[in-house]
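Here is the structure we will look at, set down as structure tokens.
In the working numbering, the protein residues as written are 3 to 274.
This is how it looks when you write it as structure tokens:
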């Protein structure tokens with residue numbers, strides 16, 4: 003893996019020959035090799051948060067032509083290093099926020115404790131693994147799945163105040179913690195962030211799907227986007243990484259990091 007941005011070495015010896023300087027060189031401190039999990043964790047560390055602070059980052063993958071899925075799933079457009087970063091981002095988070103449709107399509111399982119990150123999580127005052135928070139209006143979920151029956155940390159179901167009472171009861175009976183984050187049937191995205199933060203889950207990660215990410219974007223609740231650009235073309239009618247309501251003025255983010263390996267670009271953009 004190579005770091006392409008931010009650039010720290012402005013020139014190199016072979017770029018200054020003949021009295022001229024070409025484009026800046028990428029830094030060589032972590033050259034074109036596989037990074038350790040500790041190096042990935044350092045690269046994707048959450049910013050320092052104040053006593054009332056919280057941070058919502060998204061992790062998504064897209065092909066060169068903008069497809070967020072192939073045959074309804076993201077795995078076919080991913081790769082080995084993308085999955086290592088996926089696991090690292092989960093290991094750094096207090097909570098992983100995901101939409102119900104993604105849970106159904108991707109076969110979501112509970113986050114697991116990983117020895118490689120145990121000391122880092124303990125030092126940050128975190129539990130052994132991130133909680134999973136499923137955002138849903140209908141609660142049309144299979145509560146017999148391991149996500150609900152055998153999580154290391156109880157799964158949260160985030161919904162609205164007028165969600166179906168029988169499904170709310172079923173979620174609670176399955177051992178899930180029901181979080182009310184909206185006055186209607188569904189959750190309000192900005193309130194989702196606040197309700198989770200109030201429970202001490204301040205380092206937040208959303209893995210989509212596109213509809214949920216679009217809701218966070220429209221609510222101006224997203225602080226960071228970690229986007230893997232896959233060197234693939236998919237064509238077809240696949241979704242973009244975010245959907246749903248549009249915004250009056252597009253939100254602009256600033257680039258924080260760009261890494262590259264095997265043609266994949268691993269980018270991070272943060273709120274300005």
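We treat Cβ as the ideally placed atom computed from N, Cα and C, and that holds for glycine.
- Taking the C-beta atoms as reference points, residue 59 is found nearer than 8 Å to residue 226.
- In the DSSP assignment, residue 62 forms a beta bridge with 229.
- When Cβ pairs closer than 8 Å are counted between the two stretches, the stretch 76 to 92 is seen to touch the stretch 226 to 239, the count reaching three or more.
- Between the C-alpha atoms of residue 53 and residue 237 there is a straight-line separation of about 46 Å.
- The stretch 94 to 111 makes no contact with the stretch 260 to 271: fewer than 3 CB pairs, one atom from each, lie closer than 8 Å.
- Judged by pairs of C-beta atoms under 8 Å, the stretch 133 to 143 does not touch the stretch 234 to 249, as fewer than three such pairs exist.
- Here DSSP, grouped into helix, strand and coil, assigns residue 75 to strand.
- Here DSSP, grouped into helix, strand and coil, assigns residue 193 to helix.
- A contact between stretches requires three or more CB pairs, one per stretch, nearer than 8 Å, and the stretch 113 to 127 meets this requirement with the stretch 84 to 98.
- Pairing residue 272 with residue 51 gives a Cβ-Cβ distance that is not under 8 Å.
- Distances from the alpha-carbon of residue 255 to those of 274, 166, 43 put 274 closest.
- Sequence-distant Cβ neighbours of residue 258 in its own chain, meaning closer than 6 Å and more than five residues away, are 270, 272.
- Between residue 187 and residue 162, the CB-CB gap stays under 8 Å.
- Scanning 38, 63, 66, 56 for the CA closest to the CA of residue 197 turns up 56.
- In the three-state scheme derived from DSSP, where H, G and I count as helix and E and B as strand, residue 103 is classed as helix.
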